Each structure stands twice: as C-alpha cells, then as structure tokens.
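Trainee: Mind having a look at this structure? Questions to follow.
Protein chains in written order, with the numbering used here: chain A, 1235 to 1998; chain B, 59 to 403.
Shown next as structure tokens:
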C-alpha cells in the first residue's frame, strides 16, 4: 500500500523536459522587441530582451480607446480592467532640458491613466547637483467575483445576519439570501524623493513612500457556541509610511554610507465583528486585525581598497520593530457568554519589541592573477524582547465561560535567534576562460523557546564554467548542504506555552503534539543540488540557451527511535517510533530552452519552453488522545505532493516596410497539482485525490503605423484565457457543509478579448 | 509514415496516455511552433552564410588615417548623445570629463569609458587596440573597472564578491549605456533583462498566482539588489527575506503576541514569491502545507486527508475545502488577540 510515486514521476519529468526542449529547439522562434504597447497589454515588454525604449525616451502623448469583451474581476487583477466595455487609453512622456544648461531638466510620465491600475511620475532638477521626484502608482488586486455571502454589511468591518437566515433553525442557512460580492482591494503608492551632491565626494538621498490600501479580502472565521466557521470578506483600510535617509561618501579608495530607515504600519481598523451564522442567539465573533507597528533601523556600510585588488567591506545595522496595539477584550460578548472569564488581561497591550542586529564583514582579494577569493563573516541576532505573560485561552468569542486555570492558561513564547556564519569562496582560471569555483560555508544558529536549541549548517559548492568553443559556453555546478544540531525537543514550545495537566509531573493524560514530528525549518537534512547550463551562439542571428537543474532534500531525525525527554513528565518508558513525521523529503527540477533568431534586420523571433516539477513527501500519523507515546506506526500515512508546470512561449516582430511594425506573442502555462495519499495497515485504504490544474493562455498581437514622423497609430489585441480546477473550490456550494459556511467561490476561469486603438503624437 | 513512427517512439518513451494528452492539450501551441520550424532551421543555415559575408573588410578610409569622428564607423552607437552621460552641464559625465582624440567634440565621451583610443584610430582594422570593449566580446574586469571608476557608490559598494561579479558578469551584461533609456532601469522592461539568464523566473511569472511584475508594477529590483548586498541569501535589498517582504506587507511584521514560527522565520518557508499555481503563491497546497509541521492529538492535523474527505458533507470537509486549515486558523502570520494562541482569533 505504501508506494513511492516519486520515482516514475521523476523519470517522466526528465523525459518530458527533454522532449519539450527538443520540440522547442526544432521550432525556431522568435521575436523580440515589443512595439509601443500600452501597459495593459501586459507581457509584451517583459517578453523581449531588446525592448524598444523610445516610449520612455521620446516626448509623446498617447490617446485612444480600448474595449474589453467581458466582466471579470480575476482577469482585471493588477490591470484594473474588470468591467466589460470601452475604456480610455491615455499616456504621455515629456522630457525637457534647458537649452543653455542641459543639466537642468524636468520630466513627466504617465501610463494607463483612466484605469484603476495606473502610473504617474514627475521629476526634475539639475543633474549633478540635485534631483527631486514624485510618483504615484495605483494598483488593483482582485480576488474573485464568484463568492456569495449571506451576511449584511459586506465591505465593512461589522457583518450582521439578515432575518430568516436559516432554513432549518439554526443548522442550515437559507441559500436564497446569498448575495454576490466582488472581493478586491486597491493599493495606492505615493513616493517622494530628493537626492543631491554635497561637494565632490559626499551626496545625500531622502525618500518617502506611502502605501494606502482599501477594499476587502477574504478570511476564515470560527464561532462559538455554534462551533461553526465561515469564509467572509473583511474590510481593509490601512497605511504604510516609509522614510529613508542616506548620507554617502565616495572616493577612489573608500566608500561609506550612513543611513536611517523608518517604516510605520497604521491600520484604520482593529477588529472585524460578525454575527455567528450558526447561532440564533445573535452572539458575535470578533477577529483581531493587523496591529499598528513600526520599525526603526540605522545602518552604516563602508568599504576600503587596499592596493589594487584587495577590498574590505563592512556593514552594521541595528533595528527595532515595535508593536503596542491595545488588546481586544477576551470576548466580544462581554460577560454574557464568557461570564467566568473575569480575570482580566495581564496587560493592556503587548509592548512587543524585537531588536535586530547585523554585522557583516567581507574581504575580497586577488592573490594571484587568475584567482579571486572572498572571506566573509556575518553575525545576525534577532532578540525578541516581548514581555512574557499568561493569557486566558477562550477558543472563540461566544465560548462558554471557563475557569481561568489549568488548560485555559497560555503563555506567549517570543522566539529569539542568533546566527554566526563564516564563508569562503573563490575561483581559479584553470585554462583560458575556464573557471573553477568553490565555496564553503558554515553557519551556527541558536534558538530560544524552540524545538532545538541550536543547529549547524555546512555547505560545499563547486562550479565549472568552460567554453566548449568560441560560440558555446557551458557550466556545471553542484552543492551539498547538511544541517545538524542539538537533540530535538518537539514539545518545548508547548511546555512553554501551556499550563496543561499533560505536562504536570506524573500526569498520564494526552500528548499535545506528536513527539516524532520534525518541523522542517529546524530538522536535520542533507540537500544536493545539481545544475548544468549552456549558451550557444550559433551565429550572429541565432542563439540558444539551455539549462537543467535538480535538487533533493532529505530530512532526517534526530532522535526518532530514541527516548525523548519530552515524554518524561508522562513517565513513558517506551522509545519514540522510528519514523519521524512531517516533511520527509523534497525534490524538484527544471529544464529550460530558449531560442532567439533574427533572420533579417526587420524580423526577429523567439521561442522558449520551461518545465519544472517540485515535490514534497510527508508522513503523518493518525493517533488518539489516549496514545501517550505516539508510536503506532501502523497508523502512518504518506502524502506525495507534486506540482508540475510547463510554460511555452513564442513570438515575432516584423517590420515589412518602414512605416509598419507587426508583432505577436503567445504564452501557455499548464500547471498540475497531484496529491497522492497512501495509508499504512492500521488505516483504511486511501481514496485518490483528484488533480488540480490550471491552463493560462495569453495571446497578444500588435501593430504600429507611422503615419508621419509626428503621428503613429497603434493597434493592440489581447486574448487571455484561464481555466482551472481546484477541488477545494470547484463545485463546493456555499451551504453544502453544516460546519463551514463557504462562499460558492469557484476556481478562477475567464476568457477575455481586449482591443485597443490609439494615436501617438511625438516630439511636437 | 515518418510522423507515425516518431509519434510511436515518443509514445513508448513518454507513455501513450501522456503523449495523447500532450498532443491534445498543446494542439494550438504546436501549430504555431510548427510554423516556425522551417523558418528557424532555414535561418540557422542562412545565418552561417551571412556571418561569413559580414566578415569582409569594407572601410578603406579607416586605413588612411582620415577619420574625423568615431561615428563615421560607429554610427549606431551615437544614441548615447541622448543619455545622461552626454549632459554637458553635469561636471561628472563623460561628456564633461572626456577628451576628443579626433578633434570632433562629439567624440569626447568615447575615450572616457573605452580608454585611450589613439592606436585604434590610427589602425582601426587591427583588432585588440581598444583598451575596454564592452559586452560579451570583452573581459568583464576592465569593463567593470571603467564603470566603477565613477559608480562605486550606493549599492555598488557590495559589487565586489557579489554573485553577479563572481559569475563574471559585466555592467554591460545588463545595462545599455548607449540607449536613450536603459531597459534595466525601467520597471516595465527590467524583468526582460533579468530573464536573459533567469529563465526559471520568467516561467514562474506566467503562473496563475504572481506579483504584478508582468504589469510593470513590480520590478525584480524591488526585492533584489543585483549589485550585491548583505542579505542572508538571494542578494536582497534588505537584510532578510522577511524584512524585504515587509516593505509592502508591513501588516505582517508584528511582533505578534502569538507568533507562527515559520512565518516569523522566513516567508519562503511557505511562499514562492516568484509565482506558483496555488494562490497565494504557496509552495504546497493546504492542508498538506500545514501537515509538514503539524500532527497534533488535540485537534485534527494528524488526519490523512484523502479523496474521501472531499465530499462537502463529509466530516473532514470543513478542514480541506475552502481555505482548509485557515477556515478556522486564519491568522497564519500571527495573532495579536489575547486568546489567539491557536491563531483562530
């Protein structure tokens, strides 16, 4: 019944990757330079290496009209084009330099003006003396339009239930009252900048950035006394302000920077309150929202050159992250429901503080002509000075009152870490243009209040870069990383946070957490990575690039199959089971092939393909509260989670005559997620989990007609089609489960055509 | 016949079921690719011929020493006159500091970066007389030395020993100094330059759940410092992964009363910021993502969530459908509620 599905998949992955690469190699590609398209017709500029930059360098005004064929919140993600119908195309760029003193300039740039996602920037100054700038980015993040909700007040931070909310009071919600609500929020980013010179060797830079977000996102929420949960839209209304000031010194021999960073997050809302959809009592549930917080950081970095080839650099930074938002009360329902929760809060706010320190020292040198060396040391410390106190644990706002003692007392456990890292890297030119690189890295990390007190990680890496011929450069690299550390004590976190009978001396109760679980962020592992790449310039007009890489990470104990101190309070004498739980291994790989071909000066083409696969194998164990050792390996199960992605793209740009440009790109991404569950003899045979999948097609066609030197016409067409299946969403009705009020949200799918025509007036 | 044989061979290698799927699902893509096959192969062949023809010398004036200006031969490169390097009013630019060897003031900039070109001007057809050749034809070290002579400040302090420096990248590998606008300096086009080498990242960008890089709102350098940094990995703009993410996601910074340790440790424990097909950019879908670290007896994270749990009416459906674990434990980045120990409030 246990079955390792990784092996055949890996084989098939390799075969498919090679096949895809060969197919793409045969298909000569394409293309290149994007025409001047509006940013809405995304991808065009990202796709081409040799972008036509005249759009940013020329003075122009672009005006036109576009048409979107369908309403789709998901299609309009980031572009803001969520609605069917016509939309304006507007943009401009204007750079002006003073005739007498060309250092004096100003420039304004705007794009997608008129849409929710748009840009504007203005800058000016005297080059070489000072520059000032202001910019605005508006961005729309859209989640779904297919979600439906039964609550009233959608879009606010206080949701209530309508009358007749239930068909069967109170277990079945009334589907007739479900109403659609689009989940999206906007982010507006404002930036101000000023920089300038203070003499020949000193300069300064000051910048301010403010992000404002408003709208809604979805969240889960659980309630009491019903014990039910619901997925609901919560309101977003927050602001992040950031300031940076840097003073720099630069000379031939030495460079130095002294700076200060400040970041502050301010939330206009502190809670999200909702009437329990599973209770006719009208009890409230309340969710804490992100607390206000800030972060101050000073930093100094500098470098000095000794002789011609040796350079010493050092960086020091000291930062404090703080959070002191007033706590919400234990319950939104006052003393009515949680009547016995009267002990009160141990403090009115957290007064949380984390001090982050970094010291980085690096020496680079060239001891002999063909060799480069780098030695570096890093000290990182994250000192969490948040006060520790005991808090009452009340699962949900409407939970019945419980005595503030024993299992209901929880203690917060702020984790601190300290890391010391030493690395040595170097390369040597063993033959003409043939370079061998090697690196060695050792890291020692210490943790407080964690599963382990310390870990040591070592990494060894090699890379060989060698030209096979004048036209072909190849490289191959390998690295191995190992992490080991102190004995594993899984329950240390729970012992520190719980006041629970299970951890009392002589207790015989349950285990809170399986002592064989190994969180992968702490666990021992061996990791191997291999990469090979080649770059072949077939001719001046044809080039090929290819790469293949793979990795395998195998997690290890420690302490599985041994006695664990974590069990000591239970007086359990049996050793832990031999199989550690959690992530057992992770592996993956990818293969890419690119072909660029320019047969004529007026025709450029490209094509690429990429195949990647990542996999995680994990082990779980079904066990009961009465099991005090967690050693029943017959109850084990395995999960093989595999994610495959294949991306194919090609395009071309063609200028048949001086006044016309044509081009197009097409990209397809196919993603498939497989969840293979297998069970051991103590459990029922596992039923297969369907694959999840997505197919995203993007086709763009564009043309430009230069009517005159001053006037051009642009024609754009975009077709995007997304189809996907996700068993967590697809065909799951809003009221189909008695314990969770879902939304009816479906896996995203859309099919949109967008047309655009615009006139560009240049350099008037 | 040939096609059938090829298909049969591929079916044996890849598997019949998979081959049929590929044929069916890539029909549209295959049609486009097929159109390009012939022109591509023909192009490779013709390109070889073109290359040989181009190698023939054509400029006789160059040998006679009559050159009056660099642009006589290098016409296409004079777009640099529209860049910041060509501003006369800025005392730092090559235009201000350079000396013209031809007597033409338009050539002042050339020797500032390319070195002493007098030998090249005398015998332009003789190779190897230009001290600094930018691009792939030249060695990276002299190129970078020329640039760093003026640009060692700011983030370039960490250039020596950076990943790009170690892999022998030159400044001109990414920057286009003669273009009126450098693509790598513009958010909308920067990624196209990075993808020249980072092919995997380009593919990830075309997945369903990504940052808005394709839309020009999120450049690679919003997170990464291509000239080197002191970040723990990934050559990031900030000291750590999380510090970098908090630039835009400061609401997740905390410190929280109840922390979720993987979140405070490293955002990439769960997320792939370059894109995945599991929203929101998750590496593994829930609940399996959570079960990599959770197997408790109090609660339900030890359950084998197989196909039988997917029926909406099943007892475990509430923990695998919708937001899965986050249906109830939604505060996965930390909770500041005094009773939020289980990240439910």
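All residues carry an ideal CB built from backbone N, CA and C; glycine is no exception.
Fair warning: this is a prediction, and the values are worked out from it, not measured in the lab.
#1: Among the candidates A:1989, A:1707, A:1975, whose CA atom is the shortest distance from the CA of residue 1460 of chain A?
#2: Just mark residue 184 of chain B as buried or exposed, buried being the case when its beta carbon has 16 or more other beta carbons within 10 Å.
#3: Mind listing the chain A neighbours of residue 167 of chain B? Cutoff is C-beta to C-beta under 7 Å, in chain order.
#4: Compute the beta-carbon to beta-carbon distance between residue 1353 of chain A and residue 1367 of chain A, rounded to the nearest angstrom, for a pair I have assumed lies under 8 Å.
#5: Following the continuous beta strand (DSSP E) through residue 1829 of chain A, name the residue where it begins and the one where it ends.
#6: Please name the residues in the segment 1521-1536 of chain A whose beta-carbon is closer than 7 Å to at least one beta-carbon of chain B, in chain order.
#7: Quick one, which residues of the segment 344-355 of chain B are near chain A if we go by CB-CB under 9 Å, in chain order?
#8: Residue 1437 of chain A and residue 1485 of chain A: beta carbons closer than 8 Å?
#9: Starting from the beta carbon of residue 1302 of chain A, find every residue of chain B whose beta carbon is closer than 9 Å, and list them in chain order.
#10: For residue 158 of chain B versus residue 166 of chain B, is the C-beta distance shorter than 8 Å?
#11: Among residues of its own chain, excluding the 5 on either side of residue 98 of chain B, which ones have a beta-carbon nearer than 8 Å to its beta-carbon?
#12: Can you give me the start and stop residues for the alpha helix (DSSP H) that residue 179 of chain B sits inside?
#13: Look at the Cβ atom of residue 1583 of chain A, then the Cβ atom of residue 1560 of chain A, and state whether they are nearer than 8 Å.
#14: Starting from residue 1394 of chain A, trace the alpha helix (DSSP H) both ways and give me its first and last residue.
#15: Could you say if the segment 285-300 of chain B and the segment 219-233 of chain B meet the contact criterion of at least three C-beta pairs nearer than 8 Å?
#16: I'd like to know if the segment 373-386 of chain B and the segment 1927-1946 of chain A are in contact, where contact means that at least 3 CB-CB pairs between them fall below 8 Å.
#17: Against residue 1364 of chain A, what residues of chain B qualify as contacts under a CB-to-CB distance less than 8 Å, listed in chain order?
#18: Flag residue 211 of chain B as yes if its beta-carbon sits less than 8 Å from any beta-carbon of chain A, otherwise no.
#19: Going by the CB atoms, is the gap between residue 1399 of chain A and residue 1452 of chain A shorter than 8 Å?
#20: Measuring only the C-alpha atoms, how far is residue 1852 of chain A from residue 1876 of chain A?
#21: Would residue 1995 of chain A pass as an interface residue toward chain B - the criterion being a Cβ-Cβ separation below 8 Å?
#22: Return the first residue and the last residue of the beta strand (DSSP E) that residue 1373 of chain A is part of.
#23: Residue range of the alpha helix (DSSP H) that residue 201 of chain B falls in?
#24: Against chain A, does residue 230 of chain B count as a neighbour if the rule is that its beta carbon must be under 8 Å from one of theirs?
#25: Less than 8 Å between the C-beta atoms of residue 1700 of chain A and residue 1711 of chain A, yes or no?
#26: Is the separation between the beta-carbon of residue 1360 of chain A and that of residue 1337 of chain A shorter than 8 Å?
#27: Which residue comes first and which comes last in the beta strand (DSSP E) that contains residue 151 of chain B?
#28: Counting only runs of 3+ residues fully inside the segment 1391-1456 of chain A, write out the beta strand (DSSP E) ranges in chain order.
#29: Given a cut-off of 8 Å on the beta-carbon distance, is the pair residue 1694 of chain A and residue 1674 of chain A in contact?
#30: Which residues, taken in chain order from the segment 316-341 of chain B, show a beta carbon closer than 8 Å to some beta carbon of chain A?
#31: How would you list, in chain order, the residues of chain A whose beta-carbon sits under 9 Å from the beta-carbon of residue 190 of chain B?
#32: Note down, in chain order, every chain A residue with its Cβ under 7 Å from the Cβ of residue 142 of chain B.
#33: Quick one: list the residues of chain B neighbouring residue 1627 of chain A, beta-carbon separation under 7 Å, in chain order.
#34: Could you pull out every unbroken beta strand (DSSP E) segment of at least 3 residues lying fully inside the segment 1658-1738 of chain A, listed in chain order?
#35: Taking the C-alpha atoms as reference points, what is the distance between residue 1914 of chain A and residue 1814 of chain A?
#36: The alpha helix (DSSP H) spanning residue 230 of chain B covers which residue range?
Mentor: Inspection of the coordinates gives the following:
#1: Looking up residue 1460 of chain A in the first chain gives position 226. If we check each option's Cα against that of residue 1460 of chain A, A:1975 comes out closest.
#2: As a first step, residue 184 of chain B is located in the second chain; it is residue number 126 there, counting from the start. Residue 184 of chain B is exposed by the Cβ-count criterion.
#3: On the second chain, position 109 is the one that residue 167 of chain B refers to. None at all; the shortest Cβ gap to chain A is about 14 Å.
#4: Stepping through the first chain from its first residue, residue 1353 of chain A is reached at position 119. Stepping through the first chain from its first residue, residue 1367 of chain A is reached at position 133. So it is not a contact: roughly 13 Å between Cβ atoms.
#5: Position 595 of the first chain, counted from the first residue, corresponds to residue 1829 of chain A. Here the beta strand (DSSP E) through residue 1829 of chain A covers 1816-1834.
#6: 1521, 1522, 1524, 1525, 1527, 1529, 1535
#7: 344, 346, 347, 349, 350, 351, 352, 353, 354, 355
#8: Counting from 1 along the first chain, the entry for residue 1437 of chain A is found at position 203. Counting from 1 along the first chain, the entry for residue 1485 of chain A is found at position 251. Cβ atoms of residue 1437 of chain A and residue 1485 of chain A: not closer than 8 Å.
#9: To locate residue 1302 of chain A, count along the first chain from 1; it is residue 68. Near residue 1302 of chain A there are no residues of chain B at all, since even the closest Cβ is about 15 Å away, more than 9 Å.
#10: On the second chain, position 100 is the one that residue 158 of chain B refers to. On the second chain, position 108 is the one that residue 166 of chain B refers to. Yes, they are a contact pair.
#11: For the purposes of this step, residue 98 of chain B is identified with residue 40 of the second chain, where counting begins at 1. Low per-residue confidence applies at residue 98 of chain B: pLDDT is 41, beneath 50, and the placement is therefore not dependable enough to give any value.
#12: For the purposes of this step, residue 179 of chain B is taken as residue 121 along the second chain, with counting starting at 1. Run containing residue 179 of chain B: 176-180, per the alpha helix (DSSP H) assignment.
#13: Locating residue 1583 of chain A in the first chain gives position 349, counting from the first residue. Locating residue 1560 of chain A in the first chain gives position 326, counting from the first residue. A contact, by the Cβ cut-off of 8 Å.
#14: Locating residue 1394 of chain A in the first chain gives position 160, counting from the first residue. Taken as a continuous stretch (DSSP letters only), residue 1394 of chain A belongs to no alpha helix (DSSP H), as it is neither H nor E.
#15: yes
#16: no
#17: In the first chain, counting from the first residue as 1, residue 1364 of chain A sits at position 130. Those do not exist, as residue 1364 of chain A stays about 11 Å from chain B at its closest Cβ, beyond 8 Å.
#18: As a first step, residue 211 of chain B must be located in the second chain, where it is residue number 153. Cβ-Cβ to chain A under 8 Å: yes for residue 211 of chain B.
#19: The residue labelled residue 1452 of chain A in the question sits at position 218 within the first chain. The residue labelled residue 1399 of chain A in the question sits at position 165 within the first chain. Not in contact: residue 1452 of chain A and residue 1399 of chain A (Cβ atoms no closer than 8 Å).
#20: Looking up residue 1852 of chain A in the first chain gives position 618. Looking up residue 1876 of chain A in the first chain gives position 642. In a straight line, the C-alpha of residue 1852 of chain A is about 11 Å away from that of residue 1876 of chain A.
#21: Counting from 1 along the first chain, the entry for residue 1995 of chain A is found at position 761. Taking Cβ atoms only, chain B never reaches closer than 8 Å to residue 1995 of chain A, which makes this a no.
#22: Sequence index remark: in the first chain, residue 1373 of chain A carries index 139 (1-based). Segment 1364-1378, the beta strand (DSSP E) holding residue 1373 of chain A.
#23: Within the second chain, residue 201 of chain B is the residue found at index 143, counting from 1. Note, residue 201 of chain B: alpha helix (DSSP H), 198-209.
#24: To locate residue 230 of chain B, count along the second chain from 1; it is residue 172. Cβ-Cβ to chain A under 8 Å: no for residue 230 of chain B.
#25: As a working note, residue 1700 of chain A is residue 466 in the first chain. As a working note, residue 1711 of chain A is residue 477 in the first chain. No, they are not a contact pair.
#26: Start at 1 with the first residue of the first chain, and residue 1360 of chain A comes out as number 126. Start at 1 with the first residue of the first chain, and residue 1337 of chain A comes out as number 103. Result yes, Cβ atoms of residue 1360 of chain A and residue 1337 of chain A sit closer than 8 Å.
#27: Counting from 1 along the second chain, the entry for residue 151 of chain B is found at position 93. Unbroken run through residue 151 of chain B: none, as it is neither H nor E.
#28: 1400-1402, 1417-1432, 1436-1456
#29: Taking the first chain and counting its residues from 1, the one referred to as residue 1694 of chain A is at position 460. Taking the first chain and counting its residues from 1, the one referred to as residue 1674 of chain A is at position 440. Yes. Within cutoff.
#30: 316, 317, 319, 320, 322, 323, 324, 327, 334, 335, 336, 341
#31: For this step, residue 190 of chain B is matched to residue 132 along the second chain. The contacting residues do not exist; residue 190 of chain B stays about 16 Å from chain A at best.
#32: Working through the second chain from its first residue, we reach residue 142 of chain B at position 84. The answer, in chain order, is 1361.
#33: Numbered from 1 along the first chain, position 393 holds the residue referred to as residue 1627 of chain A. Those within 7 Å of residue 1627 of chain A in chain B are 397, 399.
#34: 1668-1681, 1688-1701, 1706-1719
#35: On the first chain, position 680 is the one that residue 1914 of chain A refers to. On the first chain, position 580 is the one that residue 1814 of chain A refers to. When rounded, the distance between both Cα atoms is 15 Å.
#36: Within the second chain, numbered from 1, the residue matching residue 230 of chain B stands at position 172. Unbroken alpha helix (DSSP H) run through residue 230 of chain B: 229-232.
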